[in-house]
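A short worksheet on the structure shown next.
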Amino acid sequence: MISDLYLGTSGTRFVTSILGILTRVRNARKLQEKLDLLVEGIALCGWQRVHLYLIDHNRKKLVSSAYFGLSPEEIEYLRKNPMNYGEFEHIVQSAGDSCRVGIAYYIPIAVQDKIMGKNSAEKAVVSHIPSEKFKGWNPSDFLFVPIYNRKKVIIGVVSIDDPVDGEPPTVDSMRPVELFVDYMTSLLGEREMLEYIDRVESILSKIFEASPIGMFVLSKNFSIVDLNPMATEIFGRKREEFLGSPVWEIFSYRKQWDSVRKSIKKGGVTHRDVLFRRGANESFWGYLSIVGVKEEKGEFLGYLAAVQDTSGERGLKEYILRAERLIGLGTLSADMALALSNALYAIVGFTEELSGSKDTEDISAYSNEILRLSDEMKKMLEEFVSYSVSRRKKGSSRVNLKQSIEKMLNLLFLLGKTQGVQIKKEFDENLFIRANSVDMEHLFMNVLLNAFESLHNRKKKHVELVLERSKEGIVVKVSDTGCGIKKEHLARVFEPFFTYGKEPMNVGLGLYSSQRIAGKYGGRINISSRPNVGTELVIIFQGGE
């Protein structure tokens, strides 16, 4: 009997018993064993019935976890009917200082209905000891001891009952329970943390060694401290050749590293395409990610760098983009040829009428039409040549987004793509991003061309264009009342070579190319569509000017 053990032993024997439990906790391998020892230790402090709940704050539930002195029937009942999370919160909030005994909440029968409610699961499991066996404690009284983690968040609660001495709790009588719970919590936390760290380190070590991506551990001064086998394979050098050397030596150009370092110093992380050095003379393209590792004070302890060889993938992507650009030029060339042909036929017609007319007013009218059509042809050729030649430009500049969109709209107008379409424009002024102007024109040409071509054979032909600044950054919206896209096709529209259209020149690269261009400058594209209703495409550039 616990009462015999507690009342019939000296303080030395009590301490020895508690130390024995703590030793068993240290040797226990399973968490459940440790929780069982926790409630046994609380019982040794003078309580005959103990019930432990662990608290899951995310799911808002209490989990009945360990017991001492309860019958199998009582345990089964509490497992199936644990205390309600809301009830526990209400106890903590409503008990007040009058019900506090040290850190514990003592709830006598007189105030239970007010604090706990009438249908508490704990009330259904009451002591079987007659009340006359107790001196001041009522068998229906409740005592809850909260368990705190290091952040002072309650992670568990212990319901204890039937004091061995028969007295209500006092600060002094509860002191052994508090000390034991505090020590057990720190012991469990320390033990669990060490096990967790061991597991994490083991997993990270396996990932580091077996990763198909080259990985480097860097000091805070950016020298190479360690690297995995894949890094040696990618760079074609032995491990010992890297150790202690500055990381910039793996870059083909020192200027690239200077830019990377500046980015890291600013934000602690960077992701970008980089030209690396392989062996003595070879270079290759790779995708670099560097993440800083900080200590508690916020200072960098070092960095973890990951390198993926993308030379083959990069070549394929560049080929796809070049192919898409050529196809785009081919499509526009065909449209331009048709527009020029129509203009030439009209000029020929007016010329024939002009040669056979003697009426001064007719001659003047025909001459004006010929001049107007010739001027349109000239503008058409100039815009097309400008669009074609501009594709050779490289480098970034401050791009005015409104001007880029207007330029592509004008070209599509000259090619007859906007004929019969009601266009609504809402453009904010002076919105810029740092980008390659050719890329921006290519991006807007793709999305505008998609919108106008979707209106083919539609009675209602509307396109709405919005350029604005929002909380997310600079937003470009292109909405149309076209044929729309089926739900099963919508998830695939950004895949290369995927096409749902019937146009012979549509090879499914436009939106793939657009998404890549947007991503290149920190943007993204969202698309929503309903068949026979229309499509809205939203381009979001973070930041901007």
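Residue numbers (our numbering): 10 to 554. Here a beta-carbon is modelled for each residue, glycine too, at the ideal position from N, C-alpha and C.
Taking 8 Å as the upper bound for CB-CB distance, G425 and D489 are not in contact here, some 17 Å apart. In this structure, V186 sits near A113, with a CB-CB distance shorter than 9 Å.
Around the beta carbon of I299, 16 or more other beta carbons sit within 10 angstroms, so the residue counts as buried.
When K469, L452, S463 and K470 are compared, the shortest CA-CA separation from K529 is found for L452. Secondary-structure assignment with DSSP links N466 through no beta bridge to anything.
If you draw a straight line from the Cα of R286 to the Cα of A240, it comes to about 12 Å.
Under the 8 Å Cβ criterion, the region 435 to 446 counts as touching the region 403 to 421, having at least three qualifying pairs. Where T179 is concerned, there is no enclosing beta strand (DSSP E), because DSSP gives it neither an H nor an E.
In this structure, the CA atom of S149 is about 12 Å from the CA atom of I169.
Taking the C-beta atoms as reference points, V502 is found nearer than 9 Å to I536. The way I'd put it, the region 22 to 42 doesn't touch the region 155 to 166; fewer than three beta-carbon pairs between them come closer than 8 Å. Taking 9 Å as the cut-off, the Cβ atoms of F461 and L421 count as close. If you draw a straight line from the Cα of I116 to the Cα of S74, it is about 22 Å long. Judged by beta-carbon spacing, G78 lies beyond the 9 Å limit of M193, meaning their Cβ atoms are not closer than that value. For the options G482, G111 and R33, the alpha carbon positioned closest to that of S182 is the one of G111. The beta carbon of E249 is closer than 7 Å to none in its chain, skipping five residues each way along the sequence. Residues N237 and M239 of the same chain have their beta carbon placed closer than 7 Å to that of S220, with the five preceding and five following residues left out of the count.
If the five residues before and after Q524 are omitted, its C-beta is found closer than 6 Å to the C-beta atoms of F503 and I534, all from its own chain and listed in chain order. Under the three-state reduction of DSSP output, K495 falls in the coil class, being neither helix nor strand.
Here C54 is not near F153, since their CB atoms are 9 Å or more apart.
At the C-beta level, L61 and V166 come within 9 Å of one another. Within the model, the alpha-carbon separation for R33 versus Y76 is close to 17 Å. A check of alpha carbon separations from G145 across E176, P155, F151 and V180 identifies E176 as the nearest.
S522 and N455 have their C-alpha atoms some 8 Å from each other. Counting only residues of its own chain and dropping the five nearest sequence neighbours on each side, I273 has a CB closer than 8 Å to the CB of T279, I299, G301 and Y312.
Counted as a single uninterrupted DSSP element, the stretch harbouring F151 is not any alpha helix (DSSP H) but the beta strand (DSSP E) occupying residues F151 to Y157. Scanning its chain for C-beta atoms nearer than 7 Å, with the 5 sequence neighbours on each side dropped, one finds around K247 the residues T241, in chain order.
L79 carries a coil assignment under DSSP once its states are collapsed to helix, strand and coil. When DSSP states are grouped into helix, strand and coil, F503 belongs to the coil group. In this structure, L474 sits near F436, with a CB-CB distance shorter than 9 Å. With fewer than 16 neighbouring CB atoms inside 10 Å of its own CB, D106 falls in the exposed class. In the structure shown, G482 adopts extended strand secondary structure according to DSSP, grouped into three states. Here A119 is exposed, its C-beta having fewer than 16 other C-beta atoms within 10 Å.
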